[in-house]
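Peer 1: The structure under discussion is supplied below as structure tokens; questions concerning it will follow.
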Amino acid sequence: MLKLHKAVISVFLVLAVAAAFCGCSPDRSDEAKSLCETFCEDVKAGNTEKLLTYFNYDEISENELNEIISRSGLNNEEASFYQDIRETVDYTSSEPVYDKESKTCSVQVNWSFGDYLSDQALMAQSEPEFKAAINSVPAKTVSVDVKVDLSGEFARIMNPKDVIEAAYSFNNADSGVMPGLLSDYFIDGTWVLAPKGTYLNIDSIGLRINFDKSLSDYRFVPGIVYTIARGDEVLYSSDVVYLENNTLRMDLNAEMAGSSGLNEDGFLVAGKYTVMVFDEHFNDICSYNCEVMNESLEKEIIEIKEYKKDYYLSNLVYEFKDSDLMANSFVYKSGWWDYDGTSVGKSAFASNTKTLGFSLAVSDTNEAELYYDYYFCEKPDFKDINETEPVYSSSCKPSLYQDQACYDLDFTPDEMKHGFYGLVVYSDPSRKHIVFTAACIVVEETSQDVLN
């Protein structure tokens, strides 16, 4: 009997020693795992008041803890996107690993939540689409070790903040899920070429709206729609457009307004115009008004000065008729453009020239359309031209180059006759107000004949 008693004691001693080497005692191991599970459930629930009990006194404030779990400053739409992610939060945990010397246990916890950076999530065009996307792709995972102190009478979580920050890491500012209501980021709007909101004799108007630069930090930005109306009549309703930077321009031109929206001179009908801007969910962003006014124009007579051939060879032939255009032009960068290397003077071309073109360099703030005609005359006085029958008519807006904006006033005839060509530029589609004229000569010789 004594031998049996000693044998039983020996077995218990072996088990005790084995437990000491292989892990924490069965009771304490269960206690660490149970505490970790309870804590993680509380983290998942996000109950701030309850989570504060895991911290030492004054270790963290309730406001600081709230900011980790639920970001402040969100509007309803933005908060709904973050709530979609929060609803996917879950975790798995491993078995405790005991450290004998420090009397602590470490439990690895893998937090998972919807992958808001997945292709599906980034392509989502609405909150329901976003929610469906993050629930249909593999979850994003963040691992953290939960450390449990077992040195005292009761087990204690040693790093509650690390665990909570891991579980709610999607709330970090750099996650940039989406900005919410675009109206919160709207700064201001300006009428293009009409800072006071008044246009005179114009065939197009444009509103430029600006948003806060922080908008570009977000990965999902709602689209924008807008309407342009004259009085109560809606003239144009846009499709959904998306910001490429922090600025968006909304135009109404002659084509968009239609023939009924233009007067006999080709200008927009006078009246009060309103641009109303919404996000793609039709939440208001802004609304701006401008006034379009018209004044009757009389047809101006074409006058091009007469010069001899030698003058065309050695001088640039042009004349500004409009002071506003002249003030916004760079004369030293303007001139007849030699497209094919056949120029034989500053305002002269050889007969094998294919294209005549005057490059009018202007300030990059110039956006107005100019209308131009070319006339041909065998004599330098241009008296034989029929003003109602130019050899070519067109219009253009400035083209933007590396450091310059230019009106490219080009003409490529089927047959290049030798003689004099006059360029007449107008500010209006009715071609009444002349703003610029220029002239060139096409000599009888080819460029090769001149060079030889």
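Heads up: the sequence shown begins at 519 in this note's numbering, then just goes up one per residue.
We treat Cβ as the ideally placed atom computed from N, Cα and C, and that holds for glycine.
Quick one: measure Cβ to Cβ for G632 and A657, integer angstroms, because I've assumed they're closer than 8 Å.
Peer 2: Here residue 632 refers to the residue found at position 114 of the sequence shown. Here residue 657 refers to the residue found at position 139 of the sequence shown. At roughly 6 Å, the Cβ-Cβ gap stays under 8 Å, so G632 and A657 are in contact.
Peer 1: Using 9 Å as the threshold, is the C-beta distance between V953 and H936 below it?
Peer 2: Your numbering for residue 953 matches position 435 in the sequence shown. Your numbering for residue 936 matches position 418 in the sequence shown. For V953 and H936, no; Cβs fall outside 9 Å.
Peer 1: Leaving out the 5 sequence neighbours to the left and right, which residues in its chain are closer than 6 Å to S888 when beta-carbon positions are compared?
Peer 2: Within the sequence shown, numbered from 1, the residue matching residue 888 stands at position 370. Note that residue 888 corresponds to Leu in the displayed sequence, not to Ser. Cβ within range, chain order: Y925, V943.
Peer 1: Below 8 Å, how does it come out for the segment 697-715 and the segment 600-607: are there three or more Cβ pairs, yes or no?
Peer 2: Judged by Cβ distances under 8 Å, the segment 697-715 makes no contact with the segment 600-607, as fewer than three pairs qualify.
Peer 1: With a cut-off of 8 Å, do at least 3 Cβ pairs link the segment 703-721 to the segment 797-817?
Peer 2: Short answer: they touch.
Peer 1: How many Å lie between Y744 and Y736 at the Cα?
Peer 2: Position 226 of the sequence shown holds residue 744. Position 218 of the sequence shown holds residue 736. Looking at the two C-alpha atoms, the distance is approximately 22 Å.
Peer 1: Are the CB atoms of V561 and I682 within a distance shorter than 9 Å?
Peer 2: Numbered from 1 along the sequence shown, position 164 holds the residue referred to as residue 682. Numbered from 1 along the sequence shown, position 43 holds the residue referred to as residue 561. Taking 9 Å as the Cβ cut-off, I682 and V561 qualify as a contacting pair.
Peer 1: Taking DSSP's pairing of strands, which residues face T626 in a bridge?
Peer 2: Start at 1 with the first residue of the sequence shown, and residue 626 comes out as number 108. At residue 626 the sequence reads Gln, which differs from the Thr that was named. Per DSSP, D663.
Peer 1: Threshold first: 4 residues or longer. Then list the alpha helix (DSSP H) segments lying entirely within the segment 878-926, N to C.
Peer 2: Segments of the alpha helix (DSSP H) lying fully in the segment 878-926: there are none.
Peer 1: Where C540 and A684 are concerned, what is the direct C-alpha to C-alpha distance, given to the nearest angstrom?
Peer 2: By 1-based counting over the sequence shown, the position of residue 540 is 22. By 1-based counting over the sequence shown, the position of residue 684 is 166. Below a pLDDT of 50, predicted positions are generally treated as unreliable, and C540, at 41, falls in that range; no measurement from the model is reported.
Peer 1: Report yes if the C-beta distance between N764 and N812 is below 9 Å; otherwise report no.
Peer 2: For the purposes of this step, residue 764 is taken as the residue at position 246 of the sequence shown. For the purposes of this step, residue 812 is taken as the residue at position 294 of the sequence shown. No, the pair does not count as a contact, with Cβ atoms beyond the cut-off.
Peer 1: To which residues does DSSP link N833 through a beta bridge?
Peer 2: Within the sequence shown, the letter at position 315 stands for residue 833. According to DSSP, N833 bridges with nothing at all.
Peer 1: Is it buried or exposed, M844, if we count other Cβ atoms within 10 angstroms and call 16 or more buried?
Peer 2: The residue labelled residue 844 in the question sits at position 326 within the sequence shown. Answer is exposed; the Cβ neighbour count stays below 16.
Peer 1: For the segment 744-753 and the segment 785-793, state whether three or more C-beta atom pairs, one from each stretch, are separated by less than 8 Å.
Peer 2: Short answer: they touch.
Peer 1: Going by other Cβ atoms of all chains shown within 10 Å of its Cβ, with 16 needed for buried, is V627 buried or exposed?
Peer 2: Residue numbering aside, residue 627 sits at position 109 when the sequence shown is read from its first letter. Buried: at least 16 other Cβ atoms inside 10 Å.
Peer 1: Determine contact between the segment 907-916 and the segment 835-843, defined as no fewer than three beta-carbon pairs at a distance below 8 Å.
Peer 2: Cβ pair count under 8 Å is below three, so no.
Peer 1: For my contact list, A550 and V666 are in at a C-beta cut-off of 8 Å; report their separation, rounded to the angstrom.
Peer 2: As a position in the sequence shown, residue 550 is number 32, starting the count at 1. As a position in the sequence shown, residue 666 is number 148, starting the count at 1. 4 Å between Cβ atoms; contact.
Peer 1: Tell me, which residues are paired with S861 by DSSP?
Peer 2: Mapped onto the sequence shown, residue 861 falls at position 343. F867.
Peer 1: Measuring only the C-alpha atoms, how far is K731 from M676?
Peer 2: Counting from one through the sequence shown, the residue named residue 731 turns up at place 213. Counting from one through the sequence shown, the residue named residue 676 turns up at place 158. Their Cα atoms are separated by approximately 41 Å.
Peer 1: Three-state secondary structure (DSSP) at A538?
Peer 2: Numbered from its first residue, the sequence shown carries residue 538 at position 20. Note that A538 scores 42 on pLDDT, short of 50, meaning its location in the model is unreliable and no value can be drawn from it.
Peer 1: Is it the case that the segment 881-896 contacts the segment 855-863, given that we only count it when at least three CB pairs across the two stretches are under 8 Å?
Peer 2: Judged by Cβ distances under 8 Å, the segment 855-863 makes no contact with the segment 881-896, as fewer than three pairs qualify.
Peer 1: Can you tell me whether V758 is buried or exposed, with buried defined as 16 or more other CB within 10 angstroms of its CB?
Peer 2: Here residue 758 corresponds to residue number 240 of the sequence shown, with the count starting at 1. It is exposed - the Cβ of V758 has fewer than 16 other Cβ atoms within 10 Å.
Peer 1: With H, G and I counted as helix, E and B as strand and the rest as coil, what does DSSP make of K521?
Peer 2: In the sequence shown, counting from the first residue as 1, residue 521 sits at position 3. Note that K521 scores a pLDDT of 44, beneath 50, so its modelled location is shaky; the value from the coordinates is reported in the next line. In this structure, K521 counts as helix in the three-state DSSP scheme.
Peer 1: What number of angstroms, rounded off, separates the C-alpha of T610 from the C-alpha of N594?
Peer 2: Translated into positions along the sequence shown, residue 610 becomes position 92. Translated into positions along the sequence shown, residue 594 becomes position 76. Straight-line Cα distance between these residues: approximately 31 Å.
Peer 1: With DSSP run on the structure shown, which of helix, strand or coil describes T964?
Peer 2: Taking the first residue of the sequence shown as position 1, residue 964 is located at position 446. Residue state, collapsed to three classes: coil.
Peer 1: When you compare each of K872, L592, V787, A673 to Y616 by their alpha carbons, which one comes out closest?
Peer 2: Numbered from 1 along the sequence shown, position 98 holds the residue referred to as residue 616. Out of K872, L592, V787, A673, A673 has the C-alpha closest to the C-alpha of Y616.
Peer 1: On the criterion of 16 or more Cβ atoms from any shown chain inside 10 Å, does I822 qualify as buried, or is it exposed?
Peer 2: What you label residue 822 is simply residue 304 of the sequence shown in a count that begins at 1. Buried, because 16 or more other Cβ atoms sit within 10 Å of the Cβ of I822.
Peer 1: Can you round the beta-carbon distance between I723 and V810 to whole angstroms, since I take them to be within the 8 Å contact cut?
Peer 2: The residue you call residue 723 lines up with position 205 of the sequence shown. The residue you call residue 810 lines up with position 292 of the sequence shown. Indeed, because the Cβ distance is near 7 Å, the residues count as touching under 8 Å.
Peer 1: What do you reckon, are the CB atoms on K839 and T930 nearer than 9 Å?
Peer 2: In the sequence shown, residue 839 corresponds to position 321, counting from 1. In the sequence shown, residue 930 corresponds to position 412, counting from 1. Cβ distance not < 9 Å, so K839 and T930 don't count as in contact.
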